[in-house]
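Some notes on the structure that comes next.
Protein chains: 2
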Amino acid sequence: MQYPEPIAKLIDSYMKLPGIGQKTATRLAFYTLGMEDDDVKGFADSLLAVKKDLHYCHICGNITEDEPCEICRDQSRDQSQIIVVEHSRDIMAMENMNSYHGLYHVLHGTISPAKGTGPMDINIPALLKRLKSNNKQVKEVIVATNASVDGETTAQYLAKLIKPAGIKVTRLAHGLSAGADIDYTDAMTLTKAVQGRTEL
Amino acid sequence: MQYPEPIAKLIDSYMKLPGIGQKTATRLAFYTLGMEDDDVKGFADSLLAVKKDLHYCHICGNITEDEPCEICRDQSRDQSQIIVVEHSRDIMAMENMNSYHGLYHVLHGTISPAKGTGPMDINIPALLKRLKSNNKQVKEVIVATNASVDGETTAQYLAKLIKPAGIKVTRLAHGLSAGADIDYTDAMTLTKAVQGRTEL
Numbered sequence: 001m002q003y004p005e006p007i008a009k010l011i012d013s014y015m016k017l018p019g020i021g022q023k024t025a026t027r028l029a030f031y032t033l034g035m036e037d038d039d040v041k042g043f044a045d046s047l048l049a050v051k052k053d054l055h056y057c058h059i060c061g062n063i064t065e066d067e068p069c070e071i072c073r074d075q076s077r078d079q080s081q082i083i084v085v086e087h088s089r090d091i092m093a094m095e096n097m098n099s100y101h102g103l104y105h106v107l108h109g110t111i112s113p114a115k116g117t118g119p120m121d122i123n124i125p126a127l128l129k130r131l132k133s134n135n136k137q138v139k140e141v142i143v144a145t146n147a148s149v150d151g152e153t154t155a156q157y158l159a160k161l162i163k164p165a166g167i168k169v170t171r172l173a174h175g176l177s178a179g180a181d182i183d184y185t186d187a188m189t190l191t192k193a194v195q196g197r198t199e200l
Numbered sequence: 001m002q003y004p005e006p007i008a009k010l011i012d013s014y015m016k017l018p019g020i021g022q023k024t025a026t027r028l029a030f031y032t033l034g035m036e037d038d039d040v041k042g043f044a045d046s047l048l049a050v051k052k053d054l055h056y057c058h059i060c061g062n063i064t065e066d067e068p069c070e071i072c073r074d075q076s077r078d079q080s081q082i083i084v085v086e087h088s089r090d091i092m093a094m095e096n097m098n099s100y101h102g103l104y105h106v107l108h109g110t111i112s113p114a115k116g117t118g119p120m121d122i123n124i125p126a127l128l129k130r131l132k133s134n135n136k137q138v139k140e141v142i143v144a145t146n147a148s149v150d151g152e153t154t155a156q157y158l159a160k161l162i163k164p165a166g167i168k169v170t171r172l173a174h175g176l177s178a179g180a181d182i183d184y185t186d187a188m189t190l191t192k193a194v195q196g197r198t199e200l
């Protein structure tokens, strides 16, 4: 026995999403069946809209409806700093600090020898072109890749590439999270926190 | 700072699904952005199709494209037995046994005093009508509600209602799962297994 075709197709679609297996997809598909017509129509419309109306800013790689994106367009922002992030969604976290007013660059991934992703496979060429073409306006590139092996590799690679051009390359501090308990902190984080200790 | 409107809307849509909060919805929305155009279009189409092409069989309450559903239409099935389940998806589990060839009835829920769901709020009236109108063809109603308090309440209620009509009402055995270890089995399950012990 098989599910009616419309529900089988919807289960397949849900299973294409990350972290959703057959059981969850089936549960979601049956749940969809019981949702309000308007909600399902809105869901379908918004799926089509993200593919149709959004693209990557040709300057920084952030997702945007307009070209260039809101941040690249904003001349009141500090043009001398660029924070380099792995994903567009990381920009939201940075903006939530409410204390950084420079520019961004989205790599859409990291250099990863394990996954076979090289520097040319992510948005690094566009960053180099950007740094060359802006008449030395950029004084500092702040690498904000994740605190993972690949994030670290990418940061080191960018530093080697960009520093010779006379641009300062920095990276985020590694250490204790806000409110962290010392005795619940893992050894690697503690090691980084001790190495990066600052004078009082 | 806010996400571009198309992505914000898609995040809202994902959040309407059960068990998906803001973080997961955001991750799924950004993932959708990177999916193949055809896959996203197929996803949107299948969402609309389940609402447009599927409905509940007027006899048994199972989801179906046709009316009545495949199972109700199939005269080669044993017309004397009806398995009563909570949800359409439970039918799939029953059919996977490959050993039951009777009919089904879907309640779309359970009686639940805690949630304020009474017998009239679920698909019980249609079951009673069905039993009355089929000239005593049905000899046995097998209640296959979940092994929960509400499932139990519903089973007891159905038995009280249907037995006076001279129809046998049974329910699934409760006991050890296939391959279960006694020492990992909870006390309630063991109790049921002992109570339901069969002679060798």
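Heads up: the protein sequence lines correspond to chains S and E, in order.
Taking full-length UniProt numbering, the leading residue of the first sequence gets 1, the next gets one more, and so forth.
Taking full-length UniProt numbering, the leading residue of the second sequence gets 1, the next gets one more, and so forth.
Backbone N, C-alpha and C fix where the C-beta goes; we use that ideal spot for every residue, glycine too.
Check whether chain E comes within 9 Å of residue i, counting only Cβ atoms and requiring the distance to be less than that.
| i | result |
| --- | --- |
| S:Met35 | yes |
| S:Ala29 | yes |
| S:Ile59 | no |
| S:Ile182 | no |
| S:Thr64 | yes |
| S:Thr32 | yes |
Would you say residue i touches the ligand HEM, meaning its beta carbon is less than 8 Å from a heavy atom?
| i | result |
| --- | --- |
| E:Leu200 | Of the ligands one can find in the structure shown there are none, so the ligand HEM has no counterpart to examine. |
Taking buried to mean at least 16 other C-beta atoms within 10 Å of its own C-beta, is residue i buried or exposed?
| i | result |
| --- | --- |
| S:Glu86 | buried |
| S:Gly116 | exposed |
| S:Gln81 | buried |
| S:Ala155 | buried |
| S:Val194 | exposed |
| S:Ala29 | buried |
| S:Val149 | exposed |
| E:Ile182 | exposed |
| S:Ser177 | exposed |
Under 9 Å, Cβ to Cβ, is there at least one residue of chain S near residue i?
| i | result |
| --- | --- |
| E:Thr198 | no |
| E:Ser76 | no |
| E:Pro68 | no |
Going by the beta-carbon positions, is the gap between residue i and residue j smaller than 9 Å?
| i | j | result |
| --- | --- | --- |
| E:Gln79 | E:Val138 | yes |
| E:Asp45 | S:Pro4 | no |
| E:His105 | E:Asn123 | yes |
| S:His174 | S:Thr189 | yes |
| E:Glu67 | E:Cys57 | yes |
| E:Tyr31 | S:Leu107 | no |
| S:Ile71 | S:Leu103 | yes |
| E:Val50 | S:Ile7 | yes |
| E:Tyr157 | E:Ile111 | yes |
| E:Ala180 | E:Val169 | no |
| S:Thr185 | E:Gly19 | no |
Out of the options, point me to the one whose CA is closest to residue i's CA.
| i | options | result |
| --- | --- | --- |
| E:Gly109 | E:Glu152, E:Lys129 and E:Asn134 | E:Glu152 |
| S:Lys9 | S:Leu33, S:Pro164 and S:Leu200 | S:Leu33 |
| S:Asp90 | S:Lys132, S:Lys51 and S:Val143 | S:Val143 |
| S:Asn140 | S:Val149, S:Ala147 and S:Leu127 | Checking the sequence shown, residue 140 of chain S turns out to be Glu, not Asn. Comparing Cα positions, the closest option is S:Leu127. |
| S:Asp39 | E:Met35, E:Leu48 and E:Glu36 | E:Leu48 |
| E:Lys132 | E:Asn98, E:Ile167, E:Ala114 and E:Lys23 | E:Ile167 |
| E:Met92 | S:Thr26, S:Gly21 and S:Ser13 | S:Thr26 |
| E:Ala147 | E:Thr24, E:Pro164, E:Asp37 and E:Arg171 | E:Arg171 |
| S:Asn98 | S:Cys69, S:Ser88, S:Arg77 and S:Ala114 | S:Arg77 |
| E:Thr145 | E:Cys69, E:Met94, E:Met35 and E:Gly42 | E:Met94 |
| E:Gln2 | S:Phe43, S:Ser88, S:Gln22 and S:Ile11 | S:Ser88 |
| E:Gly42 | S:Met15, S:His55 and S:Ala187 | S:Met15 |
Establish whether the CB of residue i and some CB of chain C are separated by less than 9 Å.
| i | result |
| --- | --- |
| S:Asp39 | The structure shown contains no chain C; its protein chains are S and E. |
- request: Pull out every residue of the UniProt domain "Toprim" (80 to 177) of chain E whose Cβ sits closer than 8 Å to any Cβ of chain S, in chain order.
  value: Per Cβ criterion, the list reads His87, Ser88, Arg89, Ile91, Met92, Glu95 and Asn96.
message: Beta carbons nearer than 9 Å to chain S: which residues of the segment 41 to 53 of chain E have them?
response: Per Cβ criterion, the list reads Lys41, Gly42, Phe43, Ala44, Asp45, Ser46, Leu47, Leu48, Ala49, Val50, Lys51, Lys52 and Asp53.
field: Against chain E: residues of the segment 15 to 27 of chain S by CB proximity under 9 Å
entry: Interface annotation for the segment 15 to 27 of chain S against chain E: Lys16, Leu17, Pro18, Gly19, Ile20, Thr24, Thr26 and Arg27, criterion Cβ-Cβ distance under 9 Å.
field: Short-range partners of chain E found in the segment 1 to 13 of chain S, where Cβ spacing is below 8 Å
entry: Listed in chain order, the positions of the segment 1 to 13 of chain S with a beta carbon within less than 8 Å of a beta carbon of chain E are Met1, Tyr3, Pro4, Glu5, Pro6, Ile7, Lys9, Leu10, Asp12 and Ser13.
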